[in-house]
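Peer 1: I am attaching a structure below and will ask some questions about it afterwards.
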Amino acid sequence: MCRCRRVKPSTPLADAPIVVLSSTLTKQEMHDALEQAFSENGMSSSHTRIGYDVVCRIGDPTTPQDLQRVGAHRARAILLQMTVRDVQEFEAEEGGVQNGATLRTLLALRVLLGNCCNASQLEDMRVVAQMGRPSKAIDVIDLGTTADGFDIFRPVDLSEFLNGLMFGCLSQPGLAYALKGLLGFEGVALRSQQVKNFSGSAQYLVGKRVQDLHSVFEDGIFVGLVTAKTGTACLLPPPGQVLEPEDRIVFVSARSIPTIAILPAQEQAVVISTIANKTLSPQMRDTRMMSILVTLRHLQCILDQPAIKIIGENALAGTSILAIGPTLGESAMTKIPDFVSVHAIYASAVVQALAYPRMFDCVSELFRTSKDSAGLGMFKVEDFIELGTYPFSVLMRTVRCRQPGDILVGIRKVAGGMVLAPELAEDTEVRAGDFLMILTRQREDSRSLRRAGLNGDDVAVFKHPGGTILAPDDDDGTLLPGSILAWC
-1 MCRCRRVKPS TPLADAPIVV LSSTLTKQEM HDALEQAFSE NGMSSSHTRI GYDVVCRIGD
59 PTTPQDLQRV GAHRARAILL QMTVRDVQEF EAEEGGVQNG ATLRTLLALR VLLGNCCNAS
119 QLEDMRVVAQ MGRPSKAIDV IDLGTTADGF DIFRPVDLSE FLNGLMFGCL SQPGLAYALK
179 GLLGFEGVAL RSQQVKNFSG SAQYLVGKRV QDLHSVFEDG IFVGLVTAKT GTACLLPPPG
239 QVLEPEDRIV FVSARSIPTI AILPAQEQAV VISTIANKTL SPQMRDTRMM SILVTLRHLQ
299 CILDQPAIKI IGENALAGTS ILAIGPTLGE SAMTKIPDFV SVHAIYASAV VQALAYPRMF
359 DCVSELFRTS KDSAGLGMFK VEDFIELGTY PFSVLMRTVR CRQPGDILVG IRKVAGGMVL
419 APELAEDTEV RAGDFLMILT RQREDSRSLR RAGLNGDDVA VFKHPGGTIL APDDDDGTLL
479 PGSILAWC
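Take the numbering used here: the last position of the sequence shown gets the number 486, and nothing is skipped along the way.
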């Protein structure tokens, strides 16, 4: 009888019960709301059980006593969503205090953690506060650091996400749908894992450079890195950066630990030394062929693959003597000669911050509009490759050849839906109207809105492929709430 074995989850959110504390809803109202949400999202009530996996309690989150009663001091992850109460208090007091309920909850939690927690309980704790607007008062609250030096508390300002999302969707149709897929936890999504947690494959990853990781997973795509020594997290890290055991890989996959791609063993290979649109001398053609053979020999050795039969084209008679083919057997003998709901994105973003706090700077980078930040771009497939069916690895290489450093993470299909991070060898059909979903740092006017200047009426002018957008100006170049867009 075969026993099922579960893969260790990459976040405590996947294996710990959830407690919901509310002062505005009854227990039955919370149950009804959860059941409706589960039904709308296709979640099985037998897999996620209300009352067992999700427990509802009535109490005031702004008091330490109620927080202690539900065991907040024993939790590994805490999410504060007090934005509705913040707005109600702000309007009732005619603009007295912003984010007042969130502030009181954080201070109550700070007292509870200080009185009831020891150092070991805080080693991997994460606290995320959802905010409707920025607050300097909340930014200075310190709940301590984890064992590896990261801040336990992180505020998530949703206005930053909204601005970046709205501007991006104006110039790139379908962007929000793609972002929702990346940030969600259903199937293929953005995930993170320490290098050392890849068990037997960790030794294969340690010491590799970023530029060698683009096709490292069979069922995932490498997109970013959290560097343990500096604590920095970014998408599309520098190509020459080397992986360390304590670093965290950011990837797109359906699995919490994707499979390391091992090139399939081939029984034979044909090596041709010519280069398109370029004429090489006979000596250089043969030298190029011998270089390819040595590379194949190296890959065969490090991946522990059997020897393959080589069929090569040589221009000089002496090449057959000099060429080194693959090894054979243990004696190493040489053998003769591969837009969707904003609230859904909000929810995904704050849960990403809770599940992968060290990776969250990578998530935030997707919504920034600064010139040097990485972002998700939607590009017509016809601009990159002829229509047809290709292994996904060929599409990835095509994108990298066009713009080194860019990473293809999926395809937005013209008929609806998208393909995210398929297996490298999977045949993928690209049709007219499909869009390639590419992580890139190339910020051109055809992809994003840029400030072009100001006119006499204090109007910011933004360039866009379909015309010019006019809107009231503010200090940071983003549209003010209630702005009117005018197409010229």
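For every residue, glycine included, the Cβ atom is placed at its ideal position computed from N, Cα and C.
CB residue 357 to CB residue 246, shorter than 8 Å?
Peer 2: Along the sequence shown, one-based indexing puts residue 357 at 359. Along the sequence shown, one-based indexing puts residue 246 at 248. Cβ atoms of residue 357 and residue 246: closer than 8 Å.
Peer 1: Quick one: what does DSSP say residue 263 is sitting in, helix, strand or coil?
Peer 2: To locate residue 263, count along the sequence shown from 1; it is residue 265. Reliability fails at residue 263, whose pLDDT of 49 lies under 50, so the model's placement of it is uncertain and no value is given.
Peer 1: Near residue 225, which residues of its chain fall below 7 Å by C-beta distance, leaving aside the five closest residues on each side in sequence?
Peer 2: Against the sequence shown, residue 225 aligns to sequence position 227. So the list reads 245, once near-sequence residues are dropped.
Peer 1: Take the Cβ of residue 39 as the centre, count every other Cβ of all protein chains shown within 10 Å, and call the residue buried at 16 or more, exposed below.
Peer 2: Position 41 of the sequence shown, counting from 1, holds the residue named residue 39. Per the 10 Å Cβ criterion, exposed.
Peer 1: Hey, out of 390, 59, 429, 438, whose CA is closest to residue 368's CA?
Peer 2: One-based indexing of the sequence shown puts residue 368 at position 370. Nearest option by C-alpha distance: 438.
Peer 1: If residue 78 sits next to residue 128, beta carbons under 8 Å apart, how far is it from one beta carbon to the other, in whole angstroms?
Peer 2: Within the sequence shown, residue 78 is the residue found at index 80, counting from 1. Within the sequence shown, residue 128 is the residue found at index 130, counting from 1. At roughly 7 Å, the Cβ-Cβ gap stays under 8 Å, so residue 78 and residue 128 are in contact.
Peer 1: Which term fits residue 103, buried or exposed, when burial requires 16 or more other beta carbons within 10 angstroms of its beta carbon?
Peer 2: Residue mapping note: residue 103 aligns to position 105 of the sequence shown, counting from 1. Buried: at least 16 other Cβ atoms inside 10 Å.
Peer 1: If I measure Cβ to Cβ from residue 132 and keep anything under 6 Å in the same chain, skipping five residues before and after, which residues do I get?
Peer 2: Numbered from 1 along the sequence shown, position 134 holds the residue referred to as residue 132. Cβ within range, chain order: 155.
Peer 1: Using DSSP with H/G/I as helix, E/B as strand and the rest coil, what is residue 34?
Peer 2: On the sequence shown, residue 34 is found 36 positions in, with the first residue counted as 1. If DSSP states are grouped into helix, strand and coil, residue 34 belongs with the helices.
Peer 1: Return the first residue and the last residue of the alpha helix (DSSP H) that residue 89 is part of.
Peer 2: As a first step, residue 89 is located in the sequence shown; it is residue number 91 there, counting from the start. Looking at the DSSP string, the run of the alpha helix (DSSP H) that includes residue 89 is 81 to 90.
Peer 1: On the CB-based measure, 16 or more other CB atoms within 10 Å of its CB, does residue 363 come out buried or exposed?
Peer 2: Numbered from 1 along the sequence shown, position 365 holds the residue referred to as residue 363. Buried, by the Cβ-count rule.
Peer 1: Taking three-plus beta-carbon pairs below 8 Å as touching, is the segment 341 to 350 in contact with the segment 213 to 231?
Peer 2: Cβ pair count under 8 Å is below three, so no.
Peer 1: Report the three-state DSSP secondary structure of residue 346 (helix, strand or coil).
Peer 2: Walking along the sequence shown from the start, residue 346 turns up at place 348. Here residue 346 sits in helix by DSSP.
Peer 1: Which stretch, first to last residue, makes up the beta strand (DSSP E) that contains residue 55?
Peer 2: Sequence index remark: in the sequence shown, residue 55 carries index 57 (1-based). Note, residue 55: beta strand (DSSP E), 52 to 56.
Peer 1: Taking residue 350 as the reference, which of 183, 147, 279 has the closest Cα?
Peer 2: Residue mapping note: residue 350 aligns to position 352 of the sequence shown, counting from 1. Measuring from the Cα of residue 350, the nearest candidate turns out to be 183.
Peer 1: For a minimum of 4 consecutive residues, which ranges assigned as the alpha helix (DSSP H) are wholly contained in the segment 136 to 203?
Peer 2: Runs of the alpha helix (DSSP H) inside the segment 136 to 203: 156 to 169, 173 to 181, 200 to 203.
Peer 1: Taking all protein chains shown into account, do 16 or more other C-beta atoms lie within 10 angstroms of the C-beta of residue 370, making it buried, or fewer, making it exposed?
Peer 2: On the sequence shown, position 372 is the one that residue 370 refers to. By the 10 Å Cβ count, residue 370 comes out exposed.
Peer 1: Might you give, ordered along the chain, the residues of its own chain that have their beta carbon closer than 8 Å to the beta carbon of residue 16, omitting 5 neighbours on each side?
Peer 2: Here residue 16 is taken as the residue at index 18 of the sequence shown, counted from 1. If we look at residue 16 and ignore the five residues flanking it on each side, its Cβ neighbours are 51, 52, 53.
Peer 1: Mind checking who residue 410 pairs with in its DSSP beta bridge?
Peer 2: One-based indexing of the sequence shown puts residue 410 at position 412. Partner(s): 416, 433.
Peer 1: Would you mind giving the Cβ-Cβ distance between residue 188 and residue 361, rounded to the nearest angstrom? I have them listed as a contact below 8 Å.
Peer 2: Position 190 of the sequence shown, counted from the first residue, corresponds to residue 188. Position 363 of the sequence shown, counted from the first residue, corresponds to residue 361. Sure, about 7 Å apart at Cβ, within 8 Å.
Peer 1: According to the neighbour-count rule (16 or more other Cβ atoms, all chains shown, within 10 Å of its Cβ), is residue 100 buried or exposed?
Peer 2: Stepping through the sequence shown from its first residue, residue 100 is reached at position 102. Label assigned to residue 100: buried.
Peer 1: To the nearest angstrom, how far is it from the Cα of residue 382 to the Cα of residue 397?
Peer 2: Start at 1 with the first residue of the sequence shown, and residue 382 comes out as number 384. Start at 1 with the first residue of the sequence shown, and residue 397 comes out as number 399. Distance between the alpha carbons of residue 382 and residue 397: 7 Å.
Peer 1: Once DSSP output is grouped into helix, strand and coil, what is the label at residue 378?
Peer 2: Counted from its first residue, the sequence shown places residue 378 at position 380. In this structure, residue 378 counts as strand in the three-state DSSP scheme.
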